[in-house]
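Here the structure comes first, spelled out in structure tokens, and everything after it is commentary.
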Amino acid sequence: VILGTFYIRIVSLISIIVLGTKVTWSDPTDPLIYVQRYYKNNDELMSQLSDKFEFRCSICELLIHDHSKHCRKCNRCISEFDHHCDWLNNCVGKSNYNSFIQFTIALTLYDCLSVYLLVVTILQTFETTNYYSEDEKTT
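Note that the numbering used here numbers the sequence shown so that position 24 is 561, with each residue one more than the last.
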């Protein structure tokens, strides 16, 4: 049992590292922001974008999709903003939400297995340790 949970913990730990890195390095910025920055000198395209999108960020003054929100910690507009995760130092939004959920599930599994192994180890230690001296057993 212990060896099997050890392998599951190793797989969970690798998953935590991979998914945590994926969530941290992904860019949840609203793609419309990059379009505007790239084509900022093209007045015709910018006017077409202004006609198509009605929402504008009050902080960075750029056009955004209706479900985007500006993160004050990252100083960027996030597509379908959920929250800013201080542990990962990144915002959670549309592009990395699934990876974030997978990361939290892997982390929870790892924590549960760690607690299970701790309890089993403590119970095995109490079972194998003899706390009575030979004199106390005979009386």
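In this text, a Cβ means the ideal position worked out from N, Cα and C, and glycines have one as well.
Nothing here was measured: the structure is a model prediction, and the numbers come from that model.
Contacts around residue i, its chain only, beta-carbon distance under 8 Å, and the 5 residues preceding and following it disregarded
i           : result
residue 653 : 542
Close beta carbons around residue i, own chain, < 6 Å, minus the five adjacent residues each side
i           : result
residue 608 : 615, 621, 628
residue 645 : none
residue 590 : 600
residue 588 : none
residue 594 : 601, 607, 614
Residue from the options whose Cα sits closest to the Cα of residue i
i           : options            : result
residue 555 : 602, 656, 572, 643 : 643
residue 610 : 648, 581, 625      : 625
residue 592 : 606, 665, 664, 646 : 606
residue 613 : 578, 571, 581, 656 : 571
residue 561 : 578, 580, 638      : 638
residue 604 : 567, 581, 661      : 567
Beta carbon of residue i nearer than 8 Å to that of residue j
i           : j           : result
residue 640 : residue 553 : yes
residue 634 : residue 619 : yes
residue 569 : residue 596 : no
residue 565 : residue 651 : no
residue 576 : residue 583 : yes
Proximal residues to residue i (C-beta, below 7 Å), its chain only, five neighbours per side dropped
i           : result
residue 559 : 636
residue 647 : 546, 549, 550, 553
residue 557 : 625, 640
residue 630 : 565, 615, 616, 617, 618, 619
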